[in-house]
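S.K.: In this note's numbering, the protein residues as written are 4 to 152.
Sending over a structure as structure tokens; questions will come in a sec.
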């Protein structure tokens, strides 16, 4: 899998991957939660973040995004991967790409995930994230980066 920065020519492919993975896990598309898919560049890059796509044979098979929340804090979002490409290190590669971007551009990063996504939760914990709280089935995690002075 090759990871590239998102460009708008991939908009429909990204939307298809996200919706496919959501439905596979029993989640319905949500107009408000999925509003970022209407303007991916504006939502992610416009805030100083980035959106990445995983490409195999010229097609988008996975995604990861980083959105800056303020000058020091960002959020990792949209770690999605088509089923056929899982358990091969691809999800970890997408996640690490987002995490490396976050570390270079922020002093801390947050993320949230559904409590049923245990493989994702394990990956976040193994990468130094700490559990912060649970609200209505979502788990919130945080990681602060130590910056040299």
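Heads up, the beta-carbon is just placed ideally off N, CA and C, and yes, glycines get one too.
All values reported here derive from a predicted model rather than from experimental measurement.
Measure the C-alpha to C-alpha separation of residue 17 and residue 33 and round it to an integer number of angstroms.
M.R.: Indexing the chain shown from 1 puts residue 17 at position 14. Indexing the chain shown from 1 puts residue 33 at position 30. Straight-line Cα distance between these residues: approximately 16 angstroms.
S.K.: Enumerate, from N- to C-terminal direction, the unbroken beta strand (DSSP E) stretches of 3 or more residues contained entirely within the region 50 to 92.
M.R.: 53 to 59, 62 to 71, 76 to 84
S.K.: Taking 8 angstroms as the cut-off, does the region 11 to 29 touch the region 68 to 79 (at least 3 CB pairs, one atom from each stretch)?
M.R.: no
S.K.: Which residues in the same chain as residue 147 place their Cβ atom closer than 7 angstroms to its Cβ, once the five residues preceding and following it in sequence are excluded?
M.R.: Here residue 147 refers to the residue found at position 144 of the chain shown. So the list reads 110, 111, once near-sequence residues are dropped.
S.K.: For a quick check, are the C-beta atoms of residue 91 and residue 20 less than 8 angstroms apart?
M.R.: Residue numbering aside, residue 91 sits at position 88 when the chain shown is read from its first letter. Residue numbering aside, residue 20 sits at position 17 when the chain shown is read from its first letter. No.
S.K.: In chain order, which continuous runs of the alpha helix (DSSP H) of length 4 or greater are located wholly inside the region 110 to 150?
M.R.: 121 to 129
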